[in-house]
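Everything below concerns the one structure shown next.
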Amino acid sequence: MMKVWITTVGTSPFAVINTLWAACELEGYVPEKVYFVYNDKMAQNLEINKKWILRLTGEYGKPALIIEMKCDEEDFQSYSRLIHSLIFNEKKDGNTVAIDITPGRKIMSAFCMFHGLSEGGADRVYYMHLDDVKKYEGKSFIEIPAGEHKLINMKEIVG
Numbered sequence: 008m009m010k011v012w013i014t015t016v017g018t019s020p021f022a023v024i025n026t027l028w029a030a031c032e033l034e035g036y037v038p039e040k041v042y043f044v045y046n047d048k049m050a051q052n053l054e055i056n057k058k059w060i061l062r063l064t065g066e067y068g069k070p071a072l073i074i075e076m077k078c079d080e081e082d083f084q085s086y087s088r089l090i091h092s093l094i095f096n097e098k099k100d101g102n103t104v105a106i107d108i109t110p111g112r113k114i115m116s117a118f119c120m121f122h123g124l125s126e127g128g129a130d131r132v133y134y135m136h137l138d139d140v141k142k143y144e145g146k147s148f149i150e151i152p153a154g155e156h157k158l159i160n161m162k163e164i165v166g
């Protein structure tokens, strides 16, 4: 069984990095495989995220296998199908799946949450809540005081 992480690459690299970092540090969930779903506009942030995630997972064990999944952000149906298939196929292979709804556009987060919470969906649906987004934008997890953030597993809240 392998721990898998699915995330969308958005405009803020630390929205991707910090949620995974918090899952590693606070819950001991260190993914062995990370899917980055991205589009052409986010290619530069993809590289930043890959570098950080490889380093983080390496620090907590060994560097994760990185899989890049390019998508068209305007083709919502294809995006939805992609997220569903990633979760379904990983679960079918017996893997534990976490999906991060923090980064990306709202519609993308909505699809991730929907498929993550659906029957047979992800094991964990993470959201990183910051008390003051503007204050901590561009800051790494270690720079944000513990009382100013909360890692939320939506599966625990909504069942």
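The sequence shown begins at 8 in this note's numbering and counts up one residue at a time. Backbone N, C-alpha and C define an ideal beta-carbon position, used for all residues, glycine too. This one's a predicted model, so the numbers in the text were calculated from it and none came from an experiment.
Proximity to residue i [Cα-Cα], best of the options
i	options	result
Trp59	Ile164, Phe148, Asn160 and Val165	Phe148
Ile108	Gly101, Asn102 and Ser116	Ser116
Gly145	Thr15, Pro20 and Ile74	Pro20
Lys141	Glu80, His156 and Arg131	His156
Glu163	Phe83, Arg131 and Arg62	Arg131
Met49	Gly35, Val23, Gly128 and Pro70	Val23
Gly168	Gly35, Glu97, Gln84 and Cys119	Residue 168 lies beyond the range of the chain shown here (8 to 166); nothing can be said about it.
Phe121	Asp138, Asp139 and Leu89	Leu89
Phe83	Glu75, Val44 and Ala71	Val44
The beta strand (DSSP E) enclosing residue i, as first and last residue numbers
i	result
Val44	Lys40 to Tyr45
Asn160	His156 to Asn160
Between the CA atoms of residue j and residue i - distance to the nearest angstrom
i	j	result
Arg112	Ile106	15 Å
Cys78	Glu66	30 Å
Pro38	Gly154	25 Å
Lys40	Met9	8 Å
Met135	Glu150	14 Å
Asn160	Trp12	13 Å
Asn56	Ile94	21 Å
Ala30	Thr103	14 Å
Leu53	Pro110	12 Å
Leu124	Tyr133	11 Å
Leu61	Ala71	6 Å
As assigned by DSSP and simplified to three states, the class of residue i
i	result
Ala29	helix
Tyr36	coil
Met8	coil
Arg112	coil
Enclosing alpha helix (DSSP H) for residue i [first to last residue]
i	result
Ala50	Ala50 to Glu66
Val140	Val140 to Tyr143
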